[in-house]
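Heads up: take any position in the sequence shown, counting from 1, add 1055, and you land on the working numbering. The structure appears right after this line, and notes come after that.
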Amino acid sequence: MLPGVRDFMVALIKGTKAPAFELTGLDGKRYNLQMSASSTGLVVLAFFKVSCPTCQFTFPFLERLHKNYPNANIWGVSQDDVGASGAYAKEYGITFPILIDEGLKATVNYDLSTVPSIIRLDKNLAIQQTSVGFVRAELEELNQAVAGAINHAVVKLFQPGEDIPALKAG
């Protein structure tokens, strides 16, 4: 990626405090970002739109991350309605929580213009990592960080022989 492009595409940068929110998931539960981050020490947010081809490509790898580390909080934040988001989760085999960003309030508060946008937060909601689109190296970094945050042995995210591109723009 070109120097400076990353900062333009994701307004929130490492070390800044992310806006807190509470959203309803497809399961009907309320998900409070501040409470979850402070109690578990880690939340990974993945903002997406169901019609986005790069999101469709990326989310199965986030599901692998979730299956590898089931104690990690990985949340999809959908910019679509419940029906479309539920169909998306079913089609792509997503079992981690999918939250509905009604009115795009969280998206606007995060000043996001590109999906997928993946943001790793610590217990204080400080941004530890951001990734826009599909960037294989950044997902590998996320994999390492999640394993470390929950004191789990690292499990490979990408398997030998898989033909996975280094980059797929959002």
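Quick reminder that beta carbons are idealized off the backbone N, C-alpha and C, glycines included.
In chain order, what residues of the same chain lie with their CB nearer than 6 Å to the CB of residue i, ignoring the 5 residues before and after it?
i: G1059; result: No answer about G1059 holds up, because its pLDDT of 43 lies below 50 and its placement is not dependable.
i: M1064; result: Residue confidence for M1064 is low, a pLDDT of 43 falling below 50, so the modelled location carries little weight and cannot support an answer.
i: A1221; result: R1191
Could you tell me which of the options sits nearest to residue i, measuring between CA atoms?
i: R1119; options: D1218, K1211, L1222; result: K1211
i: G1188; options: D1135, G1080, E1146, K1223; result: K1223
i: Q1134; options: Q1184, K1084, T1150, G1158; result: G1158
i: D1218; options: R1191, N1123, V1209, G1225; result: R1191
i: A1202; options: K1084, I1068, K1122, D1166; result: K1122
Residues bridged to residue i by DSSP?
i: D1177; result: L1097
i: F1103; result: S1133
i: K1072; result: A1181
i: R1085; result: T1079
i: V1187; result: S1172
i: L1222; result: V1190
For residue i, report the span of its alpha helix (DSSP H) as first-last.
i: N1123; result: 1108-1123
i: V1170; result: Taken as a continuous stretch (DSSP letters only), V1170 belongs to no alpha helix (DSSP H), as it is neither H nor E.
Compute the beta-carbon to beta-carbon distance between residue i and residue j, rounded to the nearest angstrom, for a pair I have assumed lies under 8 Å.
i: V1099; j: A1127; result: 7 Å
i: A1144; j: I1153; result: 5 Å
i: G1148; j: P1115; result: 7 Å
i: W1130; j: F1151; result: 7 Å
Quick one: residues in its chain with C-beta nearer than 8 Å to the C-beta of residue i, no 5 flanking neighbours on either side, listed in chain order?
i: E1193; result: I1173, Q1184, S1186
i: L1176; result: A1073, L1088, A1092, L1097, V1098, V1099, L1100, I1182, Q1183
i: Y1086; result: E1077, L1078, T1079, G1080, W1130, P1152, L1154
i: N1179; result: K1072, A1092, S1093
i: A1142; result: V1105
Leaving aside the five residues before and after residue i along the sequence, list all residues of the same chain whose C-beta is less than 7 Å from its C-beta, in chain order.
i: A1161; result: F1076, L1078, V1132
i: K1104; result: C1110, Q1134, D1135, V1170
i: S1140; result: L1081, V1105, S1133, I1153, I1155
Starting from residue i, follow the beta strand (DSSP E) in both directions and report where the run begins and ends.
i: I1153; result: 1153-1155
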